[in-house]
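Chemist: Just dropping this structure here.
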Amino acid sequence: MDYSQFIKVYDIIHKEPVRCAIDKETRAEDIVVDLCQRFKIKPVARHLFSLCFHNTKEWVSPLVRLVDSKTTVFDFRLRFKVPDFNKLRTLDNEAYNFYFHQARSDVLNSEVSDISYEKNKKELLGMGVADMYRVMLETGASKDTVESDYKKYIPRDLYKKHLFFVKQPMHSALDSIEKYARQGKHEAWFVKNQYLKQLEDLAPNYLCEEFKALVDEGGTVRGINIHVNPYDKEFPGVKFIYDGYKEWIHVCSIEDLCFITVRSDGTMEIARKTGIPIYFKFLSILSMFSLVSLLDGYYRLGVKWTFSLSKDLPTPSLERLYSMKCHGPVGGEFSYSKLQKLRSNKPGCYILRESELEYNQYYLDVCTENSTKPTTYKIERCLGGGFSFNDEDKRYSTIQDLMVTLRSPESPVKLVECLPPSEYDVSPLLLCRTEKESFDAADDEDNMFQTSSGVTHFIDPKELQLFKGHTKEHQGRISVVYRGVWRRKKKRKIDIALKVFKSAHHKVEEQLELMGQWASIQSPALVRLYGITLNSPLGMVMESLPLGPLDTYLRHHSRHIKEVDLVEAANYLATALWNLEEAGVVHGNIRCHKLLVAAHTDSSFVVRLADSGLSRQYTNNDIHWLAPECYHLLDNSHKTTASDVWAFGTTLWEIFSKGHHPSVSEQDLKKYYLSGRRLTRPKGCSSDLFRLMGECWTLDPQRRKKTQEAMRDI
Numbered sequence: 001m002d003y004s005q006f007i008k009v010y011d012i013i014h015k016e017p018v019r020c021a022i023d024k025e026t027r028a029e030d031i032v033v034d035l036c037q038r039f040k041i042k043p044v045a046r047h048l049f050s051l052c053f054h055n056t057k058e059w060v061s062p063l064v065r066l067v068d069s070k071t072t073v074f075d076f077r078l079r080f081k082v083p084d085f086n087k088l089r090t091l092d093n094e095a096y097n098f099y100f101h102q103a104r105s106d107v108l109n110s111e112v113s114d115i116s117y118e119k120n121k122k123e124l125l126g127m128g129v130a131d132m133y134r135v136m137l138e139t140g141a142s143k144d145t146v147e148s149d150y151k152k153y154i155p156r157d158l159y160k161k162h163l164f165f166v167k168q169p170m171h172s173a174l175d176s177i178e179k180y181a182r183q184g185k186h187e188a189w190f191v192k193n194q195y196l197k198q199l200e201d202l203a204p205n206y207l208c209e210e211f212k213a214l215v216d217e218g219g220t221v222r223g224i225n226i227h228v229n230p231y232d233k234e235f236p237g238v239k240f241i242y243d244g245y246k247e248w249i250h251v252c253s254i255e256d257l258c259f260i261t262v263r264s265d266g267t268m269e270i271a272r273k274t275g276i277p278i279y280f281k282f283l284s285i286l287s288m289f290s291l292v293s294l295l296d297g298y299y300r301l302g303v304k305w306t307f308s309l310s311k312d313l314p315t316p317s318l319e320r321l322y323s324m325k326c327h328g329p330v331g332g333e334f335s336y337s338k339l340q341k342l343r344s345n346k347p348g349c350y351i352l353r354e355s356e357l358e359y360n361q362y363y364l365d366v367c368t369e370n371s372t373k374p375t376t377y378k379i380e381r382c383l384g385g386g387f388s389f390n391d392e393d394k395r396y397s398t399i400q401d402l403m404v405t406l407r408s409p410e411s412p413v414k415l416v417e418c419l420p421p422s423e424y425d426v427s428p429l430l431l432c433r434t435e436k437e438s439f440d441a442a443d444d445e446d447n448m449f450q451t452s453s454g455v456t457h458f459i460d461p462k463e464l465q466l467f468k469g470h471t472k473e474h475q476g477r478i479s480v481v482y483r484g485v486w487r488r489k490k491k492r493k494i495d496i497a498l499k500v501f502k503s504a505h506h507k508v509e510e511q512l513e514l515m516g517q518w519a520s521i522q523s524p525a526l527v528r529l530y531g532i533t534l535n536s537p538l539g540m541v542m543e544s545l546p547l548g549p550l551d552t553y554l555r556h557h558s559r560h561i562k563e564v565d566l567v568e569a570a571n572y573l574a575t576a577l578w579n580l581e582e583a584g585v586v587h588g589n590i591r592c593h594k595l596l597v598a599a600h601t602d603s604s605f606v607v608r609l610a611d612s613g614l615s616r617q618y619t620n621n622d623i624h625w626l627a628p629e630c631y632h633l634l635d636n637s638h639k640t641t642a643s644d645v646w647a648f649g650t651t652l653w654e655i656f657s658k659g660h661h662p663s664v665s666e667q668d669l670k671k672y673y674l675s676g677r678r679l680t681r682p683k684g685c686s687s688d689l690f691r692l693m694g695e696c697w698t699l700d701p702q703r704r705k706k707t708q709e710a711m712r713d714i
């Protein structure tokens, strides 16, 4: 590597900038890691820090190669605010200390926009005196020494305009607290806390970031100001205001972000859990990238640590950890708990994780035969290159090579199954996570089920008029679906589809479980459940979608189906799959015929995923949709989200084949897929979409495409 180029990085603690060598592969995240290591900030807290261009408010995306930057001077700052700085102090005192000094510097240099240096002079003077007290406690300096340097502790604007107001009250305050310093009644961290609490009271939007952008509303382009503050009491997350207006418009919370895409013309799309996507146009690409990295950072630190909101600007270290099936610096306690909870410490199960205390160190936690607690081994990067295992002399070129060696039969360490990081891990890495009170529908005795429109009703069968006989809509092996009308009391009639389970299948508990699951999910991509009938018959009252199953519709209307229609149908399916996973529901029967067409116009193609139905035995006809790890199963009762993703890939193939079913010449379909062969690309299907199908058909379920990633990529 040629480290012939250098950059300068300023930080808040040191007077002189740090000179960092870079080569053509050095990314911004690499420098952040290097500086955190130099400043003794622990790995668990290093994701709170970022680089920004010197003396600007534009931040550098972790992915950026610094050799491509037009500037060689940067600032190193804590960018992501934690909801409780006391928690940060407990976690990493060096990171907490850095945050304090950064906040202090911003106050002294009048960089905190919320603070009025005219109106808040009393509070600012109090903060200055507290800062003097802190120095007395930390250094042992006398009151006279600290007071003689009072300008170091008072904002410049304050002592320039209010010198008389400052000096006398400051002197009196220092006299009264000097005795506390001599008695040792307080520690420096306590005084820092008081300082930060006062700052939070004066400036609750401290570290909130602002961006200028444009929005196009029906051909009218308007300027807006975007604010991002995950902890805003009224509009947490992202909000904006039109130029010249006073009312804020809430975009969404950080938790409600789905994904972000960017275009080379400076357009940014934010997809949300609820509501249509919103588009912002930026005059500066750097400003757009700055906002993307901010939202992505808060999402990873507050919602899903393993997920990048933007496929265009991923975090390099996250991709590296993903390829290794390695957790971040989650700590031993979390790792042991996960092994116990998910695998009951089954021998051979293991977790690979970064050290939470030291850089270039990893730990391997392995469940063994003769211990109730996992055994932990250390893996360390060596100075000369390569890795060592448990302080042995042997070197391995990569951690992947080490893991291959450890998995060999002759290895003394028995490795059978790796537990990779999950999007749903609630680990110590979620430093920006806020605890929210949630309503539990199970606690409401009046409401058994909930839907997006409110309560799912218990419906009296007498209110239903069914069109039986020749108007029967669908007949399956386990259930029958009738078209009909729900005549609501004193309200309009609603077209419905009644799904009735055949009397030969007395799976009442499973039927009720299916009803409860479907009623608990709120999504425009799922067929809506209006209510249930409990007797004569036991059934599900669904919305009526008379255009029917998608596979049949595509075959019959293939001449009128455009590529954009197929992409939109794929997007609805991906959204449905993600919503199911978010609700903790596995479908187990994703097929093109399970998608029902809700509407087809010149400008939209709306499809919705129907319920999975009851468990049933697999047949040879299911193999194309069946993940290889399920080949040994007799039915779909043991389904997983990963197996849903495989079926999702095959259903995408059906959609882009315009409703035709998969067909291959191989008689033994299981052998066909286990050998690595896959369905061929449908005619007219783009390479990007076919690549997505392939990522859903990965043999290793842990490396298979994630549902939110699939929705983002489509």
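Quick note on numbering: the UniProt record's numbering labels position 274 of the sequence shown as 274, and the sequence is numbered without any gaps. Every residue gets a Cβ at the ideal spot worked out from N, C-alpha and C, and that includes glycine.
(1) Taking contact to mean 3 or more Cβ pairs, one atom from each stretch, closer than 8 Å, check whether the segment 207–214 and the segment 282–292 are in contact.
(2) Spatial neighbours of Ser-558 within its chain, please: C-beta separation below 7 Å, excluding the five flanking residues on both sides.
(3) What does Cys-252 pair with, by DSSP beta-bridge criteria?
(4) Along the alpha helix (DSSP H) that carries Gln-708, what are the first and last residues, could you check?
(5) I need the boundaries of the alpha helix (DSSP H) containing Cys-696, first residue and last residue.
(6) If the criterion is Cβ atoms closer than 8 Å, does the pair Glu-123 and Gln-194 meet it?
(7) Just verifying my parser: in three-state terms, what is the DSSP assignment at Phe-389?
(8) Can you give the beta carbon distance from Lys-706 to Leu-692, rounded, assuming they're within the 8 Å contact cut?
(9) Compute the distance between the beta-carbons of Ile-270 and Val-251, then report whether it is under 8 Å.
(10) CA-CA distance, Leu-318 and Val-508?
(11) Taking just the CA atoms, how far does Lys-468 sit from Ile-496?
(12) If we call anything under 8 Å between Cβ atoms a contact, is Ile-7 one with Phe-98?
(13) Would Trp-625 and Arg-591 qualify as a contact pair, given that the criterion is a beta-carbon distance under 8 Å?
(14) Excluding the five sequence neighbours on either side, which residues of its own chain have a C-beta within less than 7 Å of the C-beta of Glu-437, listed in chain order?
(15) Quick one, are the C-beta atoms of Pro-461 and Thr-533 less than 8 Å apart?
(16) Does the Cβ of Arg-353 have 16 or more other Cβ atoms within 10 Å, making it buried, or fewer, making it exposed?
(17) Name the one or two DSSP bridge partners that Asn-225 has.
(18) Report the rounded CA-to-CA distance for Ser-397 versus Met-403, giving the unit in angstroms.
(19) Here's a check: name, in chain order, each residue in its chain whose Cβ is nearer than 6 Å to the Cβ of Phe-648, leaving out the five neighbours to either side.
(20) Reducing DSSP to helix, strand and coil, say where Trp-59 ends up.
(21) Under the three-state reduction of DSSP, which class applies to Glu-417: helix, strand or coil?
(22) Measure from the alpha carbon of Asp-602 to the alpha carbon of each residue in Ala-574, Ile-561, Glu-463, Lys-670, then state which is nearest.
(23) Just verifying my parser: in three-state terms, what is the DSSP assignment at Pro-17?
(24) Per DSSP, which residues does Phe-282 bridge with? Please list them.
(25) According to the Cβ coordinates, are Leu-301 and Leu-430 closer than 8 Å?
(26) Return the first residue and the last residue of the alpha helix (DSSP H) that Glu-333 is part of.
(27) Just the Cα atoms here: how many angstroms apart are Asp-440 and Arg-156?
(28) With DSSP collapsed to three states, give me the class of Gly-531.
(29) Are the segment 233–242 and the segment 123–137 touching, with three or more C-beta to C-beta distances below 8 Å?
(30) Compute the Euclidean distance between the alpha carbons of Val-541 and Leu-547, then round it to the nearest angstrom.
(31) Please state whether the Cβ-Cβ distance between Arg-616 and Val-527 is less than 8 Å.
(32) Does DSSP put Leu-699 in a helix, a strand or coil?
Modeler: Checking against the coordinates, here is how it stands:
(1) Three or more pairs of CB atoms, one per stretch, sit closer than 8 Å, so the segment 207–214 contacts the segment 282–292.
(2) Mapped onto the sequence shown, residue 558 falls at position 558. Cβ within range, chain order: Lys-658.
(3) To locate residue 252, count along the sequence shown from 1; it is residue 252. Its beta-bridge partners are Val-238.
(4) Locating residue 708 in the sequence shown gives position 708, counting from the first residue. Looking at the DSSP string, the run of the alpha helix (DSSP H) that includes Gln-708 is 707–713.
(5) By one-based count along the sequence shown, residue 696 stands at place 696. Where Cys-696 is concerned, the enclosing alpha helix (DSSP H) stretches over 687–696.
(6) Here residue 123 is taken as the residue at index 123 of the sequence shown, counted from 1. Here residue 194 is taken as the residue at index 194 of the sequence shown, counted from 1. Contact check for Glu-123 against Gln-194 fails: the beta carbons are separated by 8 Å or more.
(7) Position 389 of the sequence shown, counted from the first residue, corresponds to residue 389. Here Phe-389 sits in strand by DSSP.
(8) In the sequence shown, the residue the question calls residue 706 occupies position 706. In the sequence shown, the residue the question calls residue 692 occupies position 692. About 12 Å separates the beta carbons of Lys-706 and Leu-692, which is beyond the 8 Å limit, so they are not a contact pair.
(9) Within the sequence shown, residue 270 is the residue found at index 270, counting from 1. Within the sequence shown, residue 251 is the residue found at index 251, counting from 1. Going by C-beta atoms, Ile-270 is nearer than 8 Å to Val-251.
(10) Position 318 of the sequence shown, counting from 1, holds the residue named residue 318. Position 508 of the sequence shown, counting from 1, holds the residue named residue 508. Between Leu-318 and Val-508, the alpha-carbon positions lie close to 45 Å from each other.
(11) Taking the sequence shown and counting its residues from 1, one reaches residue 496 at position 496. Taking the sequence shown and counting its residues from 1, one reaches residue 468 at position 468. Taking the straight line joining both Cα atoms gives about 13 Å.
(12) Here the question's residue 7 lines up with position 7 in the sequence shown. Here the question's residue 98 lines up with position 98 in the sequence shown. Not in contact: Ile-7 and Phe-98 (Cβ atoms no closer than 8 Å).
(13) For the purposes of this step, residue 625 is identified with residue 625 of the sequence shown, where counting begins at 1. For the purposes of this step, residue 591 is identified with residue 591 of the sequence shown, where counting begins at 1. For Trp-625 and Arg-591, yes; Cβs fall inside 8 Å.
(14) The count along the sequence shown starts at 1 and reaches residue 437 at position 437. Its pLDDT being 39, under 50, Glu-437 is placed unreliably in this model, and the value from its coordinates should be taken loosely. Nothing meets the Cβ criterion.
(15) If you number the sequence shown from 1, residue 461 lands on position 461. If you number the sequence shown from 1, residue 533 lands on position 533. For Pro-461 and Thr-533, yes; Cβs fall inside 8 Å.
(16) The residue given as residue 353 occupies position 353 in the sequence shown. In summary, Arg-353 is buried, with 16 or more beta-carbon neighbours lying within 10 Å of its beta-carbon over all protein chains present.
(17) Counted from its first residue, the sequence shown places residue 225 at position 225. Paired residues: Lys-212, Ile-241.
(18) As a position in the sequence shown, residue 397 is number 397, starting the count at 1. As a position in the sequence shown, residue 403 is number 403, starting the count at 1. Straight across, the Cα-Cα distance linking Ser-397 with Met-403 is about 11 Å.
(19) Looking up residue 648 in the sequence shown gives position 648. So the list reads Leu-577, Ile-590, Cys-696, once near-sequence residues are dropped.
(20) Indexing the sequence shown from 1 puts residue 59 at position 59. Correct three-state label for Trp-59: strand.
(21) For the purposes of this step, residue 417 is taken as the residue at position 417 of the sequence shown. Strand.
(22) Taking the sequence shown and counting its residues from 1, the one referred to as residue 602 is at position 602. Answer by Cα proximity: Ile-561.
(23) Within the sequence shown, the letter at position 17 stands for residue 17. Here Pro-17 sits in coil by DSSP.
(24) Sequence index remark: in the sequence shown, residue 282 carries index 282 (1-based). Its beta-bridge partners do not exist; DSSP assigns none.
(25) As a first step, residue 301 is located in the sequence shown; it is residue number 301 there, counting from the start. As a first step, residue 430 is located in the sequence shown; it is residue number 430 there, counting from the start. In this structure, Leu-430 lies closer than 8 Å to Leu-301 by Cβ.
(26) For the purposes of this step, residue 333 is identified with residue 333 of the sequence shown, where counting begins at 1. Glu-333: member of the alpha helix (DSSP H) spanning 332–343, first to last residue.
(27) Taking the sequence shown and counting its residues from 1, the one referred to as residue 440 is at position 440. Taking the sequence shown and counting its residues from 1, the one referred to as residue 156 is at position 156. Because Asp-440 sits at a pLDDT of 37, beneath the cut-off of 50, its placement in the model cannot be relied upon, and the point is left open.
(28) Along the sequence shown, read from residue 1 onward, the residue named residue 531 stands at position 531. Secondary structure at Gly-531: strand, using DSSP grouped into helix, strand and coil.
(29) The segment 233–242 makes no contact with the segment 123–137, as fewer than three CB pairs between them are under 8 Å.
(30) Here residue 541 refers to the residue found at position 541 when the sequence shown is read from its first residue. Here residue 547 refers to the residue found at position 547 when the sequence shown is read from its first residue. One C-alpha to the other measures close to 18 Å.
(31) Numbered from its first residue, the sequence shown carries residue 616 at position 616. Numbered from its first residue, the sequence shown carries residue 527 at position 527. Against a cut-off of 8 Å, the Cβ pair of Val-527 and Arg-616 comes out as no contact.
(32) Within the sequence shown, residue 699 is the residue found at index 699, counting from 1. Leu-699: coil per DSSP, three-state reduction.
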